[in-house]
Every structure is written in C-alpha cells, then in structure tokens.
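Visitor: Note that our numbering numbers the sequence shown so that position 307 is 1179, with each residue one more than the last.
Glycine is no exception: its CB is placed at the ideal position from the N, C-alpha and C atoms.
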Amino acid sequence: MTGLRLDAPRSGWAIVADVVVVGSGVAGLTAALRCAASGRRTVIVTKARLDAGSTRWAQGGIAAALGEGDTPGQHLDDTLVAGAGLCDEEAVRTLVTEGPDAVRRLIGAGARFDTSAGTGEIALTREGGHHRRRIAHAGGDATGAEISRALVAAVREAGIETVENALVLDLLKDAGGHAAGVSLHVMGEGRHDGVGAVHAPAVVLATGGMGQVFSATTNPPVSTGDGVALALRAGAEVSDLEFVQFHPTVLYLGPDSEGQQPLVSEAVRGEGAYLVDAGGERFMAGQHELAELAPRDIVAKGIMRRMREQGADRMYLDARHFGARMWSERFPTILAACRAHGIDPVTEPVPVAPAAHYASGGVRTDLSGRTTVPGLYACGEVACTGVHGANRLASNSLLEGLVFAERIAAHIARTPARVPVPAEPGGPGATRTVPLPPAEARYAIQRTMTAGAGVLRSADSLARAARELAALAPGRAGAGPGKPAEPGVETWEAANLHLVAGVLVAAALRRTETRGCHWREDHPERDDETWRRHLVVALRPTAEGFDLVVRTTGSTAFPPVMDGGTP
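(1) For ILE1007, which beta-bridge partners are listed by DSSP?
(2) In its own chain, which residues sit with a C-beta less than 6 Å from the C-beta of VAL968, not counting the 5 before and 5 after it?
(3) For SER1111, which of helix, strand or coil comes out of DSSP?
(4) Among the residues of its own chain, which have a CB less than 6 Å from the CB of PRO1310, if the five just before and after it don't count?
(5) Can you list, in chain order, the residues of its chain with a C-beta nearer than 6 Å to that of ALA1281? Leave out the 5 residues immediately preceding and following it.
(6) Compare the Cα-Cα distances from VAL1058 to each of ASN1263, ALA920 and ALA1415 and report the closest residue.
(7) Taking the alpha carbon of SER896 as the point to measure from, which residue in VAL1306, GLU1253, GLY1066 and SER1267 has its own alpha carbon closest?
(8) Residues in its own chain within less than 7 Å of ARG928 by CB, not counting five upstream and five downstream?
(9) Which residue wins for smallest C-alpha separation from ASP890, given the options PRO1288, GLN1318 and LEU1407?
(10) Thinking just about the alpha-carbon of each residue, which of SER1427, GLY1060, GLY1360 and SER1330 is nearest to the one in ARG1383?
(11) Can you find the residues in the same chain that come closer than 6 Å, C-beta to C-beta, to ALA1338, ignoring five residues on each side of it along the sequence?
(12) Quick check: the stretch 1038-1051 against the stretch 953-972, are at least 3 beta-carbon pairs closer than 8 Å?
(13) Can you look up GLU940 in the DSSP assignment and give me helix, strand or coil?
(14) ALA1225 lies in the beta strand (DSSP E); which residues open and close that run?
(15) Would DSSP call CYS1210 helix, strand or coil?
(16) With DSSP as the reference, label ASP1399 as helix, strand or coil.
(17) Measure the C-alpha to C-alpha separation of LEU1125 and ARG1168 and round it to an integer number of angstroms.
(18) Which same chain residues end up closer than 8 Å to VAL975 when comparing Cβ atoms and leaving out the 5 residues on each side of it in sequence?
(19) Give me the Cβ distance between VAL1075 and GLY1247, rounded to the nearest whole Å; I'm assuming they're in contact under 8 Å.
(20) Near THR1079, which residues of its chain fall below 6 Å by C-beta distance, leaving aside the five closest residues on each side in sequence?
(21) Looking only at C-alpha atoms, which of TYR1249, LEU1123, THR1121 and ALA1266 sits nearest to ARG1005?
(22) Please classify HIS1193 as buried or exposed, where buried requires at least 16 other C-beta atoms within 10 Å of its C-beta.
(23) Count the other C-beta atoms from every protein chain shown that fall within 10 angstroms of the C-beta of TYR1315, then say buried if there are 16 or more, exposed otherwise.
(24) What do you reckon, are the CB atoms on ASP1042 and ARG1105 nearer than 9 Å?
(25) Between the C-alpha atoms of ARG998 and ALA1139, what's the straight-line distance to the nearest angstrom?
(26) Quick one: what does DSSP say ASP1169 is sitting in, helix, strand or coil?
(27) Just checking my contact of CYS1389 with PHE1118 at CB under 8 Å: how many whole Å lie between their CB atoms?
(28) Beta carbon of GLU1033, beta carbon of THR918: below 9 Å?
(29) How many angstroms separate the CA atom of GLU1312 from the CA atom of GLY1417?
(30) Count Cβ pairs between the stretch 1401-1411 and the stretch 1212-1230 that sit closer than 8 Å; are there 3 or more?
(31) Run through the stretch 1294-1341 for me and flag every whole alpha helix (DSSP H) of 4 or more residues, listed as ranges in chain order.
(32) From ASP1149, ILE1170, ASP1399 and LEU1308, pick the residue whose C-alpha is nearest to that of GLU1362; which is it?
(33) Given that a residue counts as buried once 16 or more other Cβ atoms are within 10 Å of its Cβ, and exposed if not, what is VAL892?
(34) Considering only the beta carbon of each residue, do LEU876 and ARG1423 sit closer than 9 Å?
(35) In the DSSP assignment, what are the bridge partners of MET1187?
(36) With distance defined between alpha-carbon atoms, name the residue in ILE1175, GLU1340, VAL1421 and ASP1128 nearest to ASP1149.
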C-alpha cells in the first residue's frame, strides 16, 4: 500500500455493489453488461453522461479477421510489426483469436456496421499497418458513436445503476489491501451530489486515456489520466507510458490552438488519400512499403521530418479525387468538421499535423485484466495488456476494450463473491494526502509536456520537462507555487495530470532509444539488446510524499501480477 490519496472531503453518501465499473466507453459498458449478466450487482460510474465516453469519438473502425482469406495469424503479424518488437505475443494472440467472436457478440447486442450493397456482408476497409481489409465501420466514419449507442441502449435495458457526471478520486481498500470500491465526486445535482463512495470488492477501471496532458490532442477534455493516477496512488504498477501515439493527421487549426482537435481518420488514407507538402509533393512514398498506410509512428515521423526540413507547421492530406459524393457518404463527420473550420476537402487539401492521440501504456494487467492490486482490474486505453507494444495498430483499440472487458467479467464471474466492506481511500488508516496544485497548473503541465515530451524528444528536452514539472509540485521541499490549492474537480484533475506527466517523462528519459512512437533525437536507433523490454513504474512513499520506482522487465512478456486472486 502507498497510503496516498487525493485531498478530498470525507464521503457523504454510499452505494453498495458487487462490481463498480469506472468509465462508459466500449470497455466499461461491455464489462458492466457481462458482470450484470452473471448475476453480480453492478454500478457504472462515468465522468460525463453515460453516452459521452471516449468511444463515441472514434472515427476509425474495429479491426478483426472477419473477411474471406483473412486469419487471426495475419492480424497477429500486422500487430506485432506495428508494435515495434515490444508486444506481448500471448496478449496479441488472445486479442486476434477472440476478437472476431467478440465483434459478432457486439453485433448481437445491437451494433449495426456498414454492409456491402451487393453481398450484405460487413464492408471491410483497410487502414495503416494492415495488409488486409479487416476494418469494420459504422456510419462511414462514426463507428464509435454507433458502438456507444448500442451498448448504452443495452445498459439501459438491463437497468444497470449508473452514476453520471462523477469524477473518480481514489481506490478504497480493506484491511488486507484488497480493493473495496472507489471514492468519487458527483458534479451537479441529482440523486447523489458531492463526495461519496461505491463499496464493491471488484473495481474495473475503464477510464480511457490521458491525452489532456498535452496542449493539443484528439482526446475529449475529460481524458485527464484519472484511472492511471488512481492506480498509482493505490500501489498498482503502470507500464509503457512513454509510448504515446501521436495521430499523424489531425486537422491543423493554427499554432495557438489548444485542447481537443478534430481528427482526420486513418480511413481517409485507407481509401486513397495521400500526404503532400505545400508544394503538392508526396513525401511518404519511398519511406515505407505502405507509404501513407505505414504504421502511425512512421507516418507521424515522416510528417515531422518534412515539416522540419521546410520550416513548416503543417502538411496536407489530399483527397480531392474522392469527389463530393464519396466525401459525403463515406466521411460525413470529417467533411462537416472541416467545413466548420472553413476548409472544403472536396476542393482543397486538408491541413494536418500530428497531435496526441492514444496511450499505448497504462495500468499493467494480465490476460484477465487483473492489476497488481487484488480486486482492481483495468481494460481499454487505461490498461497496458502488452497488446500494443511501442505503437498501437490502427483500430485495435476498440477490439482490445471489447475482448479484455469480456475476459475481466469472466474472471469476476468465476471468482467467489466477497461481501462489500466499507473502507477508506488508500486503505484503513491511510491519511497521507497528495497536495493539490492550483487549477491553472493544468495549462503549464500541458505546455511543458508538448515542448519537452511530444513527438520529438531528447535528454535535454525531457530533463527540462522534469525540472518544470518538479517546480509545479506543491508541498515538496524547494518546489511548488505556494500553499496547496483547495480540493475541487479542477485541482483534482491537475493533480492527476501532474502525476501521469511525471511518470511519462521519467520513463521517456530512461528509454535511451527510438522505438515505435517514442522518438529520441539523441538516440535515433532502435536498441533491441538493451531495450526490447518494458519499463514498469510504481510509487514509493517518502517523508515528503512519494518517489517513482522504475524497473525493467526481463523480456517483452509481463511477469505475473501475483495479486493472490483466482488464476
């Protein structure tokens, strides 16, 4: 136990359940539906509305070997290549083998994917890194919205209790160190308001990503790394946080644009769009056999290189040859977003630049979604299963959330039920609170991370980022902008961002190589002999607060979580 928790008022209300699922994307809703179907009393806690999880923003599709001639083995090969030698092969094999049936069950739950007019079969497309057409879409470029719609409808039909507009704070633990629920703060009026708790012996984190740690991201404003920060304070291990995928083609809105940026899906390149510079010259041809359809890290690096060569702050995606009909039928969401910003992709190239998109790392889990804290599970983007390695293959994220959520529910169903026990954040007697930075620290953290730990990194830039983050830490000797701020949603989020930013920078400094989406300018080559392994990070309490403990695994496979639960 770390004994660490956020500075927050004591709980004023409580709910009792068998399982609490935190998050309402594909992973969280799937886990909740499966747990409820097995007879476990299940409560969903979500930071916004039930239908506002990160899944709804997914323009791309869901990848699975569903087409004629395609096999899980071929999907495995593409995933391993994209992961740049760091995937846990057993985890990938689990994903691609169980994926097709998981998608079929999703369809059975009501999700409607685009079909071919001629055959009535699912219309499969291709995206970067895939050698086969294996991406299922819905509504052209609104796959996430359709999956969210179907799962939300199923949750409501099942009558699963839901607490909306709730920021999760900390893990509750019993006297033995086993998960016993979560503390949370409900933002707004309703049945519950203010700080409360859900007491449950099984806690499933499905909180999504941490893209808001950077100034520009495709992630929604709620993606502030809450799940990873909670897990760290609870004593869980995290891994691979240095591997942040920057999506190559995000709509460029100007040098001062911050916050959530419109995504231009990989599927646009999958249908034949190509990247050009301001002079109209294609620059990805010859850099990789798949050119614009190379894995995302390679395309992002190609764009950044050409931008540096030309002193430019954007490149362009040219799909004028699609014509108006294809744009309106295949990519209506992207077309509308571009036109809302004064750009018409039917008649002009679309300005694009890389932006933070997906965290390949997260809370370390085994193949049943168990973390290193008994009773605490994680799935979706908040988790690190080993599937993505150093770079996620396009459209594997929705599939990972689906497959591993089902595996978590199956493990919970076969684990003997425990009686919920009221407990305190961090465990009985744990009173050490993490001082909170002021709300405005969020923007300083974002600027620091974008400048020092973005697409291009070096020892100098990362060391500078580490110093600036240390200066933002309240309550530690020689650091901090005065006394800690008052507890509240904005300061809790700033504390979470500060913690995950520190872990990311520490891991990025330690990994002295370029691999996947971790690009060290001062170490431009991949070093398999030294670095074909994972970095695992945990917190260690100190007199002043905590330190980060970083170790490496012996191979690309993760060691067992050893949580003492049922195998």
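Guide: Reading off the structure:
(1) Locating residue 1007 in the sequence shown gives position 135, counting from the first residue. Beta-bridge pairing links ILE1007 to ALA935 and THR997.
(2) Here residue 968 corresponds to residue number 96 of the sequence shown, with the count starting at 1. The residues are PRO944, HIS947 and LEU948.
(3) What you label residue 1111 is simply residue 239 of the sequence shown in a count that begins at 1. Three-state DSSP puts SER1111 in a strand.
(4) Here residue 1310 is taken as the residue at index 438 of the sequence shown, counted from 1. The residues are ALA1357.
(5) Position 409 of the sequence shown, counting from 1, holds the residue named residue 1281. A distance below 6 Å between beta-carbons, with the five flanking residues on each side excluded, links ALA1281 to the following residues of its chain, in chain order: ALA903, ARG906 and CYS907.
(6) Looking up residue 1058 in the sequence shown gives position 186. Checked all of ASN1263, ALA920 and ALA1415; the closest Cα to VAL1058 is ALA920.
(7) Residue 896 sits at position 24 when you count from the first residue of the sequence shown. It is GLU1253 whose Cα lies nearest to the Cα of SER896.
(8) Position 56 of the sequence shown, counting from 1, holds the residue named residue 928. For ARG928, same chain residues with a beta-carbon under 7 Å away, outside a window of 5 residues either side, are GLY1016, ALA1017 and SER1020 in chain order.
(9) Taking the sequence shown and counting its residues from 1, the one referred to as residue 890 is at position 18. Residue PRO1288 is the option with its Cα nearest to ASP890.
(10) The residue given as residue 1383 occupies position 511 in the sequence shown. The residue with the shortest Cα to Cα distance from ARG1383 is SER1330.
(11) Taking the sequence shown and counting its residues from 1, one reaches residue 1338 at position 466. For ALA1338, where only same-chain residues beyond five positions count, the Cβ hits under 6 Å are VAL1377.
(12) These segments do not touch.
(13) If you number the sequence shown from 1, residue 940 lands on position 68. DSSP places GLU940 in coil when its eight states are reduced to three.
(14) Taking the first residue of the sequence shown as position 1, residue 1225 is located at position 353. Run containing ALA1225: 1222-1231, per the beta strand (DSSP E) assignment.
(15) Start at 1 with the first residue of the sequence shown, and residue 1210 comes out as number 338. Here DSSP, grouped into helix, strand and coil, assigns CYS1210 to helix.
(16) Residue 1399 sits at position 527 when you count from the first residue of the sequence shown. Three-state result, ASP1399: coil.
(17) Here residue 1125 corresponds to residue number 253 of the sequence shown, with the count starting at 1. Here residue 1168 corresponds to residue number 296 of the sequence shown, with the count starting at 1. About 21 Å.
(18) In the sequence shown, residue 975 corresponds to position 103, counting from 1. In the same chain as VAL975, and ignoring 5 residues on each side of it, the C-beta atoms closer than 8 Å to its own belong to ILE934, ALA936, LEU938, ALA1008, LEU1271 and LEU1274, in chain order.
(19) For the purposes of this step, residue 1075 is taken as residue 203 along the sequence shown, with counting starting at 1. For the purposes of this step, residue 1247 is taken as residue 375 along the sequence shown, with counting starting at 1. That belief holds up - the Cβ atoms of VAL1075 and GLY1247 are roughly 6 Å apart, short of 8 Å.
(20) In the sequence shown, residue 1079 corresponds to position 207, counting from 1. Excluding positions up to five away in sequence, the list reads VAL894, GLY895, ASP1098, GLY1099 and VAL1254.
(21) The sequence position of residue 1005 within the sequence shown is 133, counting from 1. Cα-wise, what sits closest to ARG1005 is ALA1266.
(22) As a working mapping, residue 1193 is identified with position 321 in the sequence shown. A residue is called buried when at least 16 other Cβ atoms come within 10 angstroms of its Cβ; HIS1193 does not meet this threshold and is exposed.
(23) As a first step, residue 1315 must be located in the sequence shown, where it is residue number 443. The residue in question, TYR1315, is exposed, as its Cβ has fewer than 16 Cβ neighbours within 10 Å.
(24) Taking the sequence shown and counting its residues from 1, the one referred to as residue 1042 is at position 170. Taking the sequence shown and counting its residues from 1, the one referred to as residue 1105 is at position 233. Yes, the pair counts as a contact, with Cβ atoms nearer than the cut-off.
(25) Here residue 998 is taken as the residue at index 126 of the sequence shown, counted from 1. Here residue 1139 is taken as the residue at index 267 of the sequence shown, counted from 1. The alpha-carbon atoms of ARG998 and ALA1139 are separated by roughly 7 Å.
(26) As a position in the sequence shown, residue 1169 is number 297, starting the count at 1. It is helical.
(27) By 1-based counting over the sequence shown, the position of residue 1389 is 517. By 1-based counting over the sequence shown, the position of residue 1118 is 246. At roughly 6 Å, the Cβ-Cβ gap stays under 8 Å, so CYS1389 and PHE1118 are in contact.
(28) The sequence position of residue 1033 within the sequence shown is 161, counting from 1. The sequence position of residue 918 within the sequence shown is 46, counting from 1. In this structure, GLU1033 lies away from THR918, with their beta-carbon atoms at least 9 Å apart.
(29) Here residue 1312 corresponds to residue number 440 of the sequence shown, with the count starting at 1. Here residue 1417 corresponds to residue number 545 of the sequence shown, with the count starting at 1. Rounded to the nearest angstrom, the two C-alpha atoms are 22 Å apart.
(30) In short, these stretches do not touch, since the Cβ pair count stays below three.
(31) Correct list: 1313-1324.
(32) Counted from its first residue, the sequence shown places residue 1362 at position 490. Restricting attention to ASP1149, ILE1170, ASP1399 and LEU1308, the CA atom closest to the CA of GLU1362 is found in LEU1308.
(33) Numbered from its first residue, the sequence shown carries residue 892 at position 20. Around the beta carbon of VAL892, 16 or more other beta carbons lie within 10 angstroms, which makes this residue buried.
(34) Numbered from its first residue, the sequence shown carries residue 876 at position 4. Numbered from its first residue, the sequence shown carries residue 1423 at position 551. Judged by their CB atoms, LEU876 and ARG1423 are not nearer to each other than the 9 Å cut-off.
(35) The residue given as residue 1187 occupies position 315 in the sequence shown. The beta-bridge partner set that DSSP reports for MET1187 consists of VAL1224.
(36) Here residue 1149 refers to the residue found at position 277 when the sequence shown is read from its first residue. Ranking ILE1175, GLU1340, VAL1421 and ASP1128 by Cα distance to ASP1149 puts ILE1175 first.
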